[in-house]
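Q: Before anything else, here's the structure in question.
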Amino acid sequence: MKNNYRKLKWSLMLRTVLMAFFSLAVGYIILVVLIDGVLQDSFPAMIISLLMKFGMSQTEADRVYGTVFMQNKGLFVAVGFIILFLIFFYLAMSKVTRYLNSIGTEIETILSNSEAPVTLEPELRPISEKLNTLKMTLKRREYEAVESEQRKNDLVVFLAHDLKTPLTSIIAYLTMLDEQPGLSEEDKKKYIHISLEKSIRLGELISEFFEITRFNLQDIVLQKETLDLSMMLEQLADESYAVLAEKSLTCSIHTDDNLLVDGDPDKLARVFDNLLRNAIAYSYPGTNIDIQAFGEKKDIIITFSNQGDQIPPQKLNFIFEKFYRVDNARQSRTGGAGLGLSIAKEIVELHGGAIAASSSPVCTRFTVKLPRHQEEQQPAAAKKWGRIAKNGGKE
Numbered sequence: 001m002k003n004n005y006r007k008l009k010w011s012l013m014l015r016t017v018l019m020a021f022f023s024l025a026v027g028y029i030i031l032v033v034l035i036d037g038v039l040q041d042s043f044p045a046m047i048i049s050l051l052m053k054f055g056m057s058q059t060e061a062d063r064v065y066g067t068v069f070m071q072n073k074g075l076f077v078a079v080g081f082i083i084l085f086l087i088f089f090y091l092a093m094s095k096v097t098r099y100l101n102s103i104g105t106e107i108e109t110i111l112s113n114s115e116a117p118v119t120l121e122p123e124l125r126p127i128s129e130k131l132n133t134l135k136m137t138l139k140r141r142e143y144e145a146v147e148s149e150q151r152k153n154d155l156v157v158f159l160a161h162d163l164k165t166p167l168t169s170i171i172a173y174l175t176m177l178d179e180q181p182g183l184s185e186e187d188k189k190k191y192i193h194i195s196l197e198k199s200i201r202l203g204e205l206i207s208e209f210f211e212i213t214r215f216n217l218q219d220i221v222l223q224k225e226t227l228d229l230s231m232m233l234e235q236l237a238d239e240s241y242a243v244l245a246e247k248s249l250t251c252s253i254h255t256d257d258n259l260l261v262d263g264d265p266d267k268l269a270r271v272f273d274n275l276l277r278n279a280i281a282y283s284y285p286g287t288n289i290d291i292q293a294f295g296e297k298k299d300i301i302i303t304f305s306n307q308g309d310q311i312p313p314q315k316l317n318f319i320f321e322k323f324y325r326v327d328n329a330r331q332s333r334t335g336g337a338g339l340g341l342s343i344a345k346e347i348v349e350l351h352g353g354a355i356a357a358s359s360s361p362v363c364t365r366f367t368v369k370l371p372r373h374q375e376e377q378q379p380a381a382a383k384k385w386g387r388i389a390k391n392g393g394k395e
């Protein structure tokens, strides 16, 4: 890093040396060759003649010349060298101003979104490389912002369309119940049940709208405390029993004891709930979802594994981006706003951890790594998250 501008330093130093050399050379020529040489007689005569034109006599002019010029010759020589040095310095610094002008011009091309690469003088190669890196970074961020905004807009359109479908069904079935009082009890129960399901779906879609707005308007703030992850995971699986049973799924949990972390219980519960619901949504019916948690040095590793369709590698790279959904078909039951995994990633990283995903024809696995709680003194009992988990709903 220190040698990045070596060529520029040598160029400026060489110009400074040449500037001093030319100042001395020109000064020497003026003083020795001209004033004390070729113009040795004519220069004093010219000065004396000039003084006499101002009304001085020959004697007075000779005396003034001797007093002012001859006795202060050293001072005049020094002043002359300084003036010459400043002139050459100005000429030498014009190269520096050209450097600055070229940098300014290239910055303007970056701001104008020009596709041309930044090219500067060889001495400014480090700056040229940094400006090209900056240009590529800005281009990439601009592209990502446009892509994110486009995905968001598409999702808003999709959700708006999906809102209309259950709402239309609800209105249709309620209209039938209102206009046909003679319907059988069986038909009434059927239509009421369908209307209830559509209403629940409508509520989910409205929640997704609020999720999009909330994600853009607020930052995530953590309220940390020491908590036991094994208890949280058991609680989570227990509360998902009904959803698991609906798809004929089972959930097995294998955790080490004393998995303590310093974290926000609500936010971490949201992460694990999202991962579990994601596994439920994309699991084959009749399969098992495996949740494991164990300690690894100073970290705790949590994995959610399920058996389902393999996520393509090209989509796996973007799965944690905002508003990205692997499910392009927008199935009504699995299509979300594409915010869950993005928010999960942000929450995990705010806790100093990391989240990753892998997928194969055999299974898809999400892995969360969180820093283990470090005791500074006598360990205190960790807070249990939520109520005590039941044994039902897990194998």
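One point on numbering: in full-length UniProt numbering, the residue at position 30 of the sequence shown is 30, and numbering is uninterrupted.
We put the beta carbon where it would ideally sit given N, CA and C, even for glycine.
(1) In chain order, what residues of the same chain have a beta carbon less than 7 Å from the beta carbon of Q223, not counting five sequence neighbours either side?
(2) Per DSSP, what are the beta-bridge partners of A356 in this structure?
(3) In the DSSP output, which residue or residues are listed as bridge partners for I300?
(4) Measure the C-alpha to C-alpha separation of K298 and R365 and round it to an integer number of angstroms.
(5) I'd like to check one pair, L163 with L205: are the Cβ atoms closer than 7 Å?
(6) According to the neighbour-count rule (16 or more other Cβ atoms, all chains shown, within 10 Å of its Cβ), is Y90 buried or exposed?
(7) Using CA coordinates, which residue listed in L268, V362, V157 is at the minimum distance from Q307?
(8) Using only the alpha-carbon positions, how far apart do L124 and A344 sit?
(9) If you drop the 5 nearest sequence neighbours on each side, which residues of the same chain put their C-beta closer than 8 Å to that of I127?
(10) Mind the definition here: the segment 169-183 touches the segment 140-156 only if three or more C-beta pairs lie below 8 Å; say whether that holds.
(11) Quick check on DSSP: helix, strand or coil for G55?
(12) Does the distance from the CB of P122 to the CB of N132 come in under 7 Å?
(13) Does the beta-carbon of F88 have 16 or more other beta-carbons within 10 angstroms, so that it is buried, or is it exposed?
(14) Can you say whether G340 is buried or exposed, counting buried as having 16 or more other CB atoms within 10 angstroms of its CB?
(15) Quick check: L84 and V26, are their CB atoms within less than 7 Å of each other?
(16) Using only the alpha-carbon positions, how far apart do P371 and H351 sit?
(17) Heavy atom of the ligand PLP less than 6 Å from the Cβ of S359, yes or no?
(18) Taking the straight line between their C-alpha atoms, what separation do you get for I47 and I30?
(19) If you follow the alpha helix (DSSP H) that T16 is part of, which residue opens it and which one closes it?
(20) Less than 6 Å between C-beta atoms, sequence neighbours within five positions excluded: which residues of the same chain meet that for R201?
(21) Got a sec, what are the start and stop residues for the beta strand (DSSP E) I253 sits in?
(22) Which same chain residues end up closer than 8 Å to G286 when comparing Cβ atoms and leaving out the 5 residues on each side of it in sequence?
(23) Using 8 Å for Cβ pairs, my map puts F272 next to L227. What's the rounded Cβ distance?
(24) Return the CA-CA distance between V96 and F21, expressed in angstroms with no decimal places.
(25) Does DSSP put I171 in a helix, a strand or coil?
(26) What is the residue span of the beta strand (DSSP E) that G340 lies within?
(27) Residue range of the beta strand (DSSP E) that V271 falls in?
(28) Helix, strand or coil: which one does DSSP assign to D309?
(29) What number of angstroms, rounded off, separates the C-alpha of E346 from the C-alpha of F320?
(30) Quick one, which of P44, V77, V79 has its alpha-carbon nearest V64's?
(31) Between D256 and the rest of its own chain, which residues show a CB-CB distance below 6 Å, the 5 nearest in sequence each way excluded?
(32) What are the boundary residues of the alpha helix (DSSP H) that includes L236?
(33) Just to confirm, is the Cβ distance from F304 to A279 under 7 Å?
(34) Can you name the residues that DSSP bridges to V261?
(35) Short check: CB of H373 to CB of L260, under 7 Å?
(36) Give the secondary structure of N288 by DSSP, where H, G and I count as helix, E and B as strand, and everything else as coil.
A: In short:
(1) If you ignore the 5 residues before and after Q223, its C-beta comes within less than 7 Å of the C-beta of D264, all in its own chain and listed in chain order.
(2) A356 is bridged to T367.
(3) Paired residues: G295, L370.
(4) 22 Å
(5) The answer is yes: Cβ separation under 7 Å.
(6) exposed
(7) V362
(8) C-alpha separation (whole angstroms): 44 Å.
(9) If we look at I127 and ignore the five residues flanking it on each side, its Cβ neighbours are I103, L120.
(10) no
(11) coil
(12) Not closer than 7 Å, so no.
(13) buried
(14) buried
(15) yes
(16) 8 Å
(17) The ligand PLP is not part of the structure shown, which contains no ligands of any sort.
(18) 16 Å
(19) 6-28
(20) P166
(21) 250-255
(22) S248, L249
(23) Not confirmed; about 12 Å, so no contact.
(24) It is roughly 19 Å from the alpha-carbon of V96 to the alpha-carbon of F21.
(25) I171: helix per DSSP, three-state reduction.
(26) From DSSP, G340 is part of no beta strand (DSSP E) but of the alpha helix (DSSP H) over 340-350.
(27) V271 -> not in any beta strand (DSSP E); alpha helix (DSSP H) instead, spanning 265-281.
(28) In the structure shown, D309 sits in coil (DSSP, three-state: anything other than H, G, I, E or B).
(29) 9 Å
(30) Comparing Cα positions, the closest option is P44.
(31) F294, G295
(32) 229-239
(33) yes
(34) V261 pairs with L227.
(35) yes
(36) Residue state, collapsed to three classes: strand.
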